[in-house]
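Undergrad: Chains A and B, in that order, are what the protein sequence lines are.
Numbering that gives the first Met the number 0 applies: residue 0 is where the first sequence begins, and numbers increase by one.
Numbering that gives the first Met the number 0 applies: residue 0 is where the second sequence begins, and numbers increase by one.
Please find one structure pasted underneath; my questions will follow.
Protein chains: 2
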Amino acid sequence: MTLKTPTPERRTSALSKEAIIAAAIEILDGQGEAALTFRALAARLATGSGAIYWHIADKQALLAAATDHIIAGIAVDEIVAKEPRQAIREFALGVFDAIDTHPWVGGQLSRDPWQHAVLRILEAVGGRVQALGVPADAQFNVATAIMSFILGLAGQYALGAGMCEGGIDRATALGEIAARWAQLDPANYPFVRLIAIQLPGHDDREQFLAGIDLLLAGIEPLRDTTPPPDD
Amino acid sequence: MTLKTPTPERRTSALSKEAIIAAAIEILDGQGEAALTFRALAARLATGSGAIYWHIADKQALLAAATDHIIAGIAVDEIVAKEPRQAIREFALGVFDAIDTHPWVGGQLSRDPWQHAVLRILEAVGGRVQALGVPADAQFNVATAIMSFILGLAGQYALGAGMCEGGIDRATALGEIAARWAQLDPANYPFVRLIAIQLPGHDDREQFLAGIDLLLAGIEPLRDTTPPPDD
DNA sequence: ATCGCTATTGGAACATCGTTCCAGAACTGT
DNA sequence: ACAGTTCTGGAACGATGTTCCAATAGCGAT
Numbered sequence: 000m001t002l003k004t005p006t007p008e009r010r011t012s013a014l015s016k017e018a019i020i021a022a023a024i025e026i027l028d029g030q031g032e033a034a035l036t037f038r039a040l041a042a043r044l045a046t047g048s049g050a051i052y053w054h055i056a057d058k059q060a061l062l063a064a065a066t067d068h069i070i071a072g073i074a075v076d077e078i079v080a081k082e083p084r085q086a087i088r089e090f091a092l093g094v095f096d097a098i099d100t101h102p103w104v105g106g107q108l109s110r111d112p113w114q115h116a117v118l119r120i121l122e123a124v125g126g127r128v129q130a131l132g133v134p135a136d137a138q139f140n141v142a143t144a145i146m147s148f149i150l151g152l153a154g155q156y157a158l159g160a161g162m163c164e165g166g167i168d169r170a171t172a173l174g175e176i177a178a179r180w181a182q183l184d185p186a187n188y189p190f191v192r193l194i195a196i197q198l199p200g201h202d203d204r205e206q207f208l209a210g211i212d213l214l215l216a217g218i219e220p221l222r223d224t225t226p227p228p229d230d
Numbered sequence: 000m001t002l003k004t005p006t007p008e009r010r011t012s013a014l015s016k017e018a019i020i021a022a023a024i025e026i027l028d029g030q031g032e033a034a035l036t037f038r039a040l041a042a043r044l045a046t047g048s049g050a051i052y053w054h055i056a057d058k059q060a061l062l063a064a065a066t067d068h069i070i071a072g073i074a075v076d077e078i079v080a081k082e083p084r085q086a087i088r089e090f091a092l093g094v095f096d097a098i099d100t101h102p103w104v105g106g107q108l109s110r111d112p113w114q115h116a117v118l119r120i121l122e123a124v125g126g127r128v129q130a131l132g133v134p135a136d137a138q139f140n141v142a143t144a145i146m147s148f149i150l151g152l153a154g155q156y157a158l159g160a161g162m163c164e165g166g167i168d169r170a171t172a173l174g175e176i177a178a179r180w181a182q183l184d185p186a187n188y189p190f191v192r193l194i195a196i197q198l199p200g201h202d203d204r205e206q207f208l209a210g211i212d213l214l215l216a217g218i219e220p221l222r223d224t225t226p227p228p229d230d
């Protein structure tokens with residue numbers, strides 16, 4: 000916006016929005032969400048907090064930009080050509096794996112619903128929903144439902160993963176939760192006690208995919224199977 | 000836990016966990032999530048921060064307790080007797096309405112996945128899933144999928160509602176977002192641009208229920224319609 | 001080459017937050 | 001009446017996001 004001079008860059012070894020975001024991602028991945036501080040970021044970049052604020056509005060914008068960078072890295076191009084249902088599955092798993100690798104992404108996605116990364120997800124899902132032959136007046140509800148599920152379970156999983164950042168592995172953490180659930184009042188929480196048994200052994204990825212398949216199965220009755228005019 | 004003395008209460012006009020939570024809910028509802036501060040809370044209760052910490056561990060526990068108080072208020076008893084699908088719909092709408100009245104609940108629900116309020120939701124949903132005749136080995140995935148959708152869309156809606164706390168009504172806010180979406184690159188965001196048109200006029204409650212119905216429709220093929228032994 | 005001018009930097013300073021600490025008040029049992 | 005525990009109120013601490021501002025680096029014009 001302020002760049003109307005014909006000089007694309009004035010420095011080679013200095014600060015830039017990209018460098019800041021890259022450093023932020025390194026901190027987020029390496030030391031967790033709580034460790035991302037403007038002071039820690041400034042120290043890693045060997046500069047001051049003020050210099051960072053020249054390139055990025057505030058912390059929310061920094062997290063949104065970092066999240067968008069991760070989500071944008073999910074390969075969409077190789078997916079578009081495939082059968083829509085399989086494309087949705089693969090894209091959803093791409094989001095899941097991205098959150099598995101970068102747990103902070105899950106929290107951020109469910110924290111700011113109108114950031115750019117969410118639009119990418121909505122577009123990817125919505126395009127496949129269209130291709131599935133869902134009528135126009137149902138596309139909005141169907142696409143946002145799938146997106147909400149992705150963001151919901153992703154957020155859950157991310158926070159679960161964040162819980163065992165301190166060296167505790169996931170199985171142990173889930174075991175502790177299952178033990179706590181098993182001590183609930185049987186009269187009020189029969190179901191939770193029941194699935195507490197399955198909790199430690201379950202596969203998150205499979206659970207995630209099962210939810211997607213549930214939604215895809217729900218779409219079936221809505222589909223207009225008339226083939227599109229030219230394809 | 001520390002109450003082993005036979006005195007149920009020592010004061011009548013003073014601090015208690017319930018009073019603190021009630022005051023916290025008043026602040027959260029009246030001035031938004033950001034306004035809930037231990038200082039503001041102490042001022043409203045005419046005491047100091049230390050006195051609050053005697054009754055409540057930390058801010059996370061305070062928010063979890065406030066959230067649990069709201070979720071526990073959703074009438075489950077009148078629902079249990081109904082047809083399972085309708086019961087799930089009504090309970091989900093109960094959660095939606097609770098978040099509509101108390102937007103901060105949505106954010107809190109998707110922030111701490113193992114707080115007690117989440118267990119209440121999981122139990123309510125899971126029990127109905129069982130009653131629907133979903134096989135035991137699928138109950139876990141189905142119940143958590145429905146819960147994730149509820150938490151996902153609830154969080155989205157809550158943050159959307161939080162955006163227009165400053166007197167802006169929801170329709171205006173959605174209109175602004177739609178306008179921003181309409182300016183996206185048509186080549187990369189055809190679907191988002193398409194639904195941007197529907198965004199300002201859509202009904203959140205209907206959108207929410209449509210997602211639930213999608214999941215319920217997806218359950219149908221899984222159901223074992225053999226009636227339970229005695230019912 | 002030198003001179004402004006703007007873009008950019010680095011770090012001090014500020015307001016605010018969650019939390020801890022502790023001296024004392026209020027209450028209880030003996 | 002006394003001792004001991006429970007509870008209160010507010011000062012104090014460390015950390016954070018953000019703002020502010022003097023100092024600097026690079027660029028076009030002279």
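Note that beta-carbon positions come from the ideal geometry of N, C-alpha and C, so glycine has one too.
At 9 Å on the CB atoms, spell out the chain B contacts of I176 (chain A), in chain order.
TA: W113
Undergrad: Work out the CA separation of P83 (chain A) and A130 (chain A) for me, nearest whole Å.
TA: 6 Å
Undergrad: Compute the Euclidean distance between the alpha carbons of T46 (chain B) and A209 (chain B), then round it to the nearest angstrom.
TA: Going by C-alpha positions, T46 (chain B) is about 47 Å away from A209 (chain B).
Undergrad: Just checking, does the stretch 61 to 68 of chain A make contact with the stretch 13 to 26 of chain A on the three C-beta pairs under 8 Å criterion?
TA: Yes, they touch.
Undergrad: Can the beta-carbon of P134 (chain A) be found less than 8 Å from the beta-carbon of D223 (chain A)?
TA: yes
Undergrad: Is there at least one Cβ from chain A nearer than 8 Å to A97 (chain B)'s Cβ?
TA: no
Undergrad: When Cβ atoms are compared, which residues of the stretch 133 to 148 of chain A fall closer than 9 Å to chain B?
TA: A135, D136, A137, Q138, F139, N140, V141, A142, T143, A144, I145, M146, S147, F148
Undergrad: Out of curiosity, what's the CA-to-CA distance linking Q206 (chain B) and Y156 (chain B)?
TA: 11 Å
Undergrad: Find the residues of chain A that neighbour I194 (chain B), judging by a C-beta separation of less than 9 Å, and give them in chain order.
TA: L121, G125, Q138, F139, A142, T143
Undergrad: Using a Cβ-Cβ distance cut-off of 8 Å, determine whether A26 (chain A) contacts chain B.
TA: As written in the sequence, residue 26 (chain A) is Ile, which differs from the Ala given in the question. Chain B, which has no Cβ nearer than 8 Å to the Cβ of I26 (chain A), makes this no.
Undergrad: Would P199 (chain B) and G217 (chain B) be called neighbours here (beta carbons separated by less than 8 Å)?
TA: When the beta-carbon positions are compared, P199 (chain B) and G217 (chain B) stay at least 8 Å from each other.
Undergrad: At the 8 Å Cβ level, is Y188 (chain A) part of the contact set with chain B, yes or no?
TA: yes
Undergrad: Can you name the residues of chain A whose CB is closer than 8 Å to the CB of V191 (chain B)?
TA: L118, L121, E122, G125
Undergrad: Is L108 (chain B) closer than 8 Å to G154 (chain B) when the C-beta atoms are compared?
TA: yes
Undergrad: Is there at least one Cβ from chain B nearer than 8 Å to P220 (chain A)'s Cβ?
TA: yes
Undergrad: What did DSSP end up calling P185 (chain B) once you bin it into helix, strand or coil?
TA: coil
Undergrad: To be precise: take each residue of the stretch 82 to 111 of chain A, compare its Cβ to all Cβ atoms of chain B, and keep it if any distance is under 9 Å. Which residues remain?
TA: Along the stretch 82 to 111 of chain A, the positions whose C-beta sits under 9 Å from a C-beta of chain B are G106, S109, R110, D111, read in chain order.
Undergrad: Rounded to whole angstroms, what is the Cα-Cα separation between S147 (chain B) and G151 (chain A)?
TA: 5 Å
Undergrad: Pull up the CB-CB distance for I51 (chain A) and A41 (chain A), whole angstroms please, since I reckon it's below 8 Å.
TA: 6 Å
Undergrad: List, in order along the chain, the chain A residues whose C-beta lies closer than 7 Å to that of Q214 (chain B)?
TA: For the record, residue 214 (chain B) in the displayed sequence is Leu; it is not Gln. Under the 7 Å cutoff, chain A gives L213, L214, G217.
Undergrad: Note down, in chain order, each residue of its chain lying with its Cβ closer than 8 Å to the Cβ of V94 (chain B), except the 5 sequence neighbours on either side.
TA: I70, I73, I120, I149, A153
Undergrad: Would you report the Cα separation of L35 (chain A) and A65 (chain A), rounded to the nearest angstrom?
TA: Spanning the two alpha carbons is a distance of roughly 12 Å.
Undergrad: Taking 8 Å as the threshold (beta carbon to beta carbon), is A209 (chain A) in contact with chain B?
TA: yes
Undergrad: Should G31 (chain A) be flagged as near chain B, meaning a C-beta pair shorter than 8 Å?
TA: no
Undergrad: How long is the line joining the alpha carbons of S15 (chain B) and L44 (chain B), rounded to whole angstroms?
TA: 10 Å
Undergrad: Apart from the five residues on each side of it in sequence, which residues of its chain come closer than 6 Å, Cβ to Cβ, to I196 (chain B)?
TA: none
Undergrad: How about A86 (chain B) and R127 (chain B): are their beta carbons less than 8 Å apart?
TA: yes
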